[in-house]
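Visitor: Take the sequence shown: its position 24, counted from the start at 1, is 42 in my numbering, and no numbers get skipped.
Every residue, glycine too, gets a C-beta built ideally from N, C-alpha and C.
Remember, it's a predicted structure, so these values are computed and weren't measured experimentally.
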Amino acid sequence: LGAVKQLCCPLIPVFPELSPFSSPQCYFLQEQNMAVTGGLAWWNDFIVLACYNLIDHQEELRLYLRSSNLDNVFAHITKVQSETLLINVFRDMVILFRVDCSICLYSIDRRDDGPNPTANVQVLQEVSMSRYIPHPSLVISVTLTSVRTETGITFKMPQQVPVEMPVLQ
Numbered sequence: 019l020g021a022v023k024q025l026c027c028p029l030i031p032v033f034p035e036l037s038p039f040s041s042p043q044c045y046f047l048q049e050q051n052m053a054v055t056g057g058l059a060w061w062n063d064f065i066v067l068a069c070y071n072l073i074d075h076q077e078e079l080r081l082y083l084r085s086s087n088l089d090n091v092f093a094h095i096t097k098v099q100s101e102t103l104l105i106n107v108f109r110d111m112v113i114l115f116r117v118d119c120s121i122c123l124y125s126i127d128r129r130d131d132g133p134n135p136t137a138n139v140q141v142l143q144e145v146s147m148s149r150y151i152p153h154p155s156l157v158i159s160v161t162l163t164s165v166r167t168e169t170g171i172t173f174k175m176p177q178q179v180p181v182e183m184p185v186l187q
């Protein structure tokens, strides 16, 4: 049964007994239409993944509720312009590093409209980094972080301004 779970649920092969996708209802057909290209990340109760849709020949950003199967019925799917190499989540934002040396920031919000929560994804910004990165394979990770900068000349009461910035490594 463990081998069947690994064939059925290739996205989480390390701990299939802890996976919400390890139920007998998890069928291979649910995942054979996609290939994960940019990796996986967790956001609240959702798994976030960058993948290639083999049927539509389209790059996608998908969010699945943790308690549901990897079925397209339960997925929130956002089409992306080029292949994703790296993905990361910070607070309610997703950052993608793509094969064209661009980064794309998305905001995610949770919606509790129906019986199961869903997620909404919106593009915040796309930035080309091709002038600064000679080849996309040279980037090993992309991370958003919170940076505080001091403004003003006086040092008695420095004003703190939170800014989220991408960090390429």
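Using only alpha-carbon positions, find the residue among 63, 155, 68, 97 that is nearest to residue 55.
Guide: The option with the nearest alpha carbon to residue 55 is 68.
Visitor: To test your reading of the DSSP string, which unbroken beta strand (DSSP E) runs of 3 or more residues are found completely within the segment 85–112?
Guide: Here the runs fully enclosed are 93–97, 102–108.
Visitor: Secondary structure at residue 167, three-state DSSP: helix, strand or coil?
Guide: Looking at residue 167 - three-state DSSP - the assignment turns out to be strand.
Visitor: Does the structure place the segment 149–167 close enough to the segment 70–90 that three or more beta carbon pairs sit under 8 angstroms?
Guide: Short answer: they don't touch.
Visitor: According to DSSP, residue 136 sits in a beta bridge with which residue or residues?
Guide: Per DSSP, 129.
Visitor: If you draw a straight line from the alpha carbon of residue 97 to that of residue 71, how long is it in whole angstroms?
Guide: Roughly 10 angstroms separates the two Cα atoms.
Visitor: Does the separation of the CB atoms of residue 160 and residue 113 fall below 7 angstroms?
Guide: Yes; because the gap between Cβ atoms is below 7 angstroms, this pair is in contact.
Visitor: Whose C-alpha, out of 117, 138, 60, is nearest the C-alpha of residue 103?
Guide: The option with the nearest alpha carbon to residue 103 is 117.
Visitor: Classify residue 120 as helix, strand or coil using the three-state DSSP reduction.
Guide: Residue 120 falls in the strand class under three-state DSSP.
Visitor: Just confirm the distance between the C-beta atoms of residue 146 and residue 119, as a whole number of angstroms; I'd bet it's less than 8 angstroms.
Guide: That belief holds up - the Cβ atoms of residue 146 and residue 119 are roughly 7 angstroms apart, short of 8 angstroms.
Visitor: For residue 150, which beta-bridge partners are listed by DSSP?
Guide: Answer is none; residue 150 lacks a bridge partner.
Visitor: Excluding the 5 residues flanking residue 92 on each side, which residues of the same chain have their C-beta closer than 7 angstroms to its C-beta?
Guide: If we look at residue 92 and ignore the five residues flanking it on each side, its Cβ neighbours are 82, 83, 86.
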